[in-house]
Amino acid sequence: MPGTSGNGSVTRSTLRQQLADALRDEVLAGRLQAGREFTVKEIAEQYGVSATPVREALVDLSAQGLLEADQHRGFRVHEYSVEDYRGIIEARGLVIDGIFQVLAGDRPGHRDPDDPRVLAAVVGVRRRAEEAQRAATAGDLTVLIGYDLRFWRELGALFGNPYLADFLHRLRVQSWVCAVQHLRRLDDLRGHLWSRHTDLVDALMRRDLPAARSIIAAQDADSLALIERLASG
1 MPGTSGNGSV TRSTLRQQLA DALRDEVLAG RLQAGREFTV KEIAEQYGVS ATPVREALVD
61 LSAQGLLEAD QHRGFRVHEY SVEDYRGIIE ARGLVIDGIF QVLAGDRPGH RDPDDPRVLA
121 AVVGVRRRAE EAQRAATAGD LTVLIGYDLR FWRELGALFG NPYLADFLHR LRVQSWVCAV
181 QHLRRLDDLR GHLWSRHTDL VDALMRRDLP AARSIIAAQD ADSLALIERL ASG
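Under the UniProt record's numbering, read the sequence shown as residues 1 to 233, first letter to last.
Put into structure tokens, the structure is as follows:
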């Protein structure tokens, strides 16, 4: 029956996304480390599901640049180099700057920064910024990553362009996957993690584009220097 077939399709699609999210979190948490190899069968047995949604989830993560597919050996967690990290930072900086210009009212955008709906959304973004900042100050990397990704996804959504927001999210995930393999070598991360989320929101609310750019430029420079130092041993 059409209805039954449709429900099954939705269920599989949902499971596929759940598996992709779970595996992405495993990579971000460092439990699936760079270079780790595994098969569809291993993951299916681990989660107690059939091979089809697992294969689909792994293909999705490969398309996002988090995994590498090998026709004969299965999949492996992608190993990003410092040069990759530098390129990702440059790319996300270009996307972020475009968002800043619209939020600051420097060029026509999809949403008016003074729109009550935008202002209400900013309240939620600031709340996420505070949560991310607390996690960064405490040196809690796993919690920070979750809040940081939500912060940037919600901030990106204010731009009104879902394609741009999705692209920024993908770049943020990739940058974290690259950084986390090095950051987890540190016993104490306090003082090493970016914690100026609320400062950034305040600058954007003032439409102070130079200040916002300065905050991000400092973050990018500091994070790149840290990863380069950790990668060099």
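Glycine included, every Cβ here is placed at the ideal spot set by N, Cα and C.
Do residue j and residue i have their beta-carbon atoms positioned less than 8 Å apart in this structure?
| i | j | result |
| --- | --- | --- |
| residue 125 | residue 151 | yes |
| residue 167 | residue 95 | yes |
| residue 99 | residue 175 | no |
| residue 158 | residue 172 | no |
| residue 28 | residue 40 | no |
| residue 85 | residue 178 | yes |
| residue 212 | residue 204 | yes |
| residue 189 | residue 141 | yes |
| residue 228 | residue 82 | yes |
Excluding the five sequence neighbours on either side, which residues of its own chain have a C-beta within less than 8 Å of the C-beta of residue i, listed in chain order?
| i | result |
| --- | --- |
| residue 76 | 35, 36, 37, 38, 67, 68, 70 |
| residue 26 | 32 |
| residue 219 | 194, 196 |
| residue 78 | 34, 65, 66, 67, 68, 177 |
| residue 138 | 190 |
Run through DSSP, which three-state label would residue i get?
| i | result |
| --- | --- |
| residue 31 | coil |
| residue 159 | coil |
| residue 140 | coil |
| residue 238 | The chain is shown only over 1 to 233; residue 238 falls outside these bounds and no answer can be derived. |
| residue 202 | helix |
| residue 233 | coil |
| residue 48 | coil |
| residue 147 | helix |
| residue 193 | coil |
| residue 80 | coil |
| residue 219 | helix |
| residue 207 | coil |
| residue 64 | coil |
| residue 115 | coil |
Run through the DSSP bridge pairs and tell me what residue i is partnered with.
| i | result |
| --- | --- |
| residue 56 | Beta-bridge pairing links residue 56 to no other residue. |
| residue 100 | Note: residue 100 sits in no beta bridge, so no partner. |
| residue 75 | 38, 69 |
What does a CB cutoff of less than 7 Å around residue i pick up in its chain, not counting 5 residues either side in sequence?
| i | result |
| --- | --- |
| residue 197 | 129, 132, 133, 151 |
| residue 170 | 64 |
| residue 226 | 192 |
| residue 90 | none |
| residue 73 | 37 |
| residue 2 | Low confidence applies to residue 2: its pLDDT is 36, below 50, so where it sits in the model is not reliable, and the reading given next is rough at best. Cβ within range, chain order: n/a, list empty. |
| residue 199 | 215 |
| residue 10 | In this predicted model, residue 10 has a pLDDT of only 47, less than 50, meaning its place in the structure is not dependable enough to derive any value. |
| residue 44 | 50, 51, 54 |
| residue 182 | 227, 230, 231 |
Could you name the residues of the same chain whose beta carbon sits closer than 6 Å to that of residue i, not counting the 5 residues immediately before and after it, in chain order?
| i | result |
| --- | --- |
| residue 184 | 30 |
| residue 135 | 143, 144, 147 |
| residue 16 | 53, 56, 57 |
| residue 60 | 20 |
| residue 62 | 69 |
Does any C-beta atom of chain C lie closer than 8 Å to the C-beta of residue i?
| i | result |
| --- | --- |
| residue 85 | Looking for chain C here will not work: only one protein chain is present. |
Three CB pairs or more closer than 8 Å across the segment 158 to 177 and the segment 43 to 61: The segment 158 to 177 vs the segment 43 to 61: no contact.
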